[in-house]
Structure formats: structure tokens, C-alpha cells
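Report on the structure given below.
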Amino acid sequence: MRSAHGPWLPWATLSSSSPCGWRGVWCDAGGGRVVALQLPGAKLVGRVPTGMVGNLTALQTLSLRSNALSGGIPADSNNCGELRALYLQGNQLAGEVPEGFFSLLLLQWLDLSHNRNTGSISPEFNKLRRME
3 MRSAHGPWLP WATLSSSSPC GWRGVWCDAG GGRVVALQLP GAKLVGRVPT
53 GMVGNLTALQ TLSLRSNALS GGIPADSNNC GELRALYLQG NQLAGEVPEG
103 FFSLLLLQWL DLSHNRNTGS ISPEFNKLRR ME
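So the sequence shown is residues 3 to 134, counted in the working numbering.
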């Protein structure tokens with residue numbers, strides 16, 4: 003996350019190429035694929051870089067709530083077909099929900115509150131039938 007940064011992110015100082023031991027990162031039992039990225043209140047600032055979320059194709063939980071993230075909801079989040087929980091509340095995200103977002107058919111929990119999102123609520127939200 004070069005564009006979004008915070009005071010205690012370990013990625014710039016670790017020599018290991020595997021993020022599985024990094025703070026806020028959880029991997030599958032095999033230890034090779036990131037299944038959760040949880041950095042709530044980590045004082046992250048800026049845009050989420052394109053490719054950062056979309057490259058985590060096994061991601062099930064993404065919690066970046068209560069930071070100062072700006073820009074839009076990552077457009078490549080539709081690549082995360084395993085995503086079940088998305089917590090982006092309490093940031094400065096703006097714009098509409100990207101159309102590809104509605105292909106996240108396993109999504110159960112979503113919180114986009116306390117952002118600067120605009121536009122109407124898309125009827126495509128009806129595709130997300132597992133939402134609680």
C-alpha cells in the first residue's frame with residue numbers, strides 16, 4: 003500500500019516476501035494466500051492503490067475502517083470473489099460503488115457509512131443475496 007500509508011505498517015521494513023506474518027494480515031492454513039486484511043484505525047491516509055485489493059483473490063475479510071482513506075472504493079475489488087465482509091466505514095471515500103462490486107456474490111457484511119459516497123443506490127445491490 004504505497005499510496006495509503008500509516009505509522010505502523012510493517013511492509014516497508016520487512017525483508018520477507020510473504021505477508022503472512024505481518025500485523026493485520028491473516029493467511030489460509032497453507033500459509034500462502036491472504037484471507038483477511040484488518041487494519042482498522044491504523045491511521046492510513048490516501049488512496050488504496052489499484053491492484054492492492056484486486057490481487058488478493060482469496061480475501062474473505064477486508065477491514066480498513068476508521069482511517070483517512072480517500073478516492074473511491076477500489077474498482078478491482080470485484081476480483082475478490084471470496085469476499086464475505088467489507089468494512090470501509092469512517093473514511094473519506096467518495097464516488098459511486100463500482101459496477102463490478104455487485105459480482106461479489108458471497109458478500110454478507112458491508113459497511114460504507116461515514117464516507118463521502120455519492121449517487122443513488124444501484125438496483126444491482128439485489129444481486130448480493132447473502133447480505134445480512
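Heads up, the beta-carbon is just placed ideally off N, CA and C, and yes, glycines get one too.
- Setting aside the 5 residues that flank it on each side, residue 95 is surrounded in the same chain by 71, 72, 73, 74, 75, 114, 117, 118 and 119, each with a C-beta closer than 8 Å to its C-beta; the list follows chain order.
- With respect to residue 81, residue 56 sits close: the two C-beta atoms are nearer than 8 Å.
- Around residue 105, the same chain offers 80, 83 and 129 as residues with beta carbons nearer than 8 Å, after the five sequence neighbours per side are excluded.
- Taken in chain order, the complete beta strand (DSSP E) segments of 3 or more residues contained in the segment 14-52 are 27-29, 36-40 and 47-49.
- Rounded to the nearest whole angstrom, the CA to CA distance from residue 64 to residue 30 is 14 Å.
- In terms of CA proximity to residue 49, 66 leads the group 37, 66 and 25.
- Annotated three-state conformation of residue 65 is strand, per DSSP.
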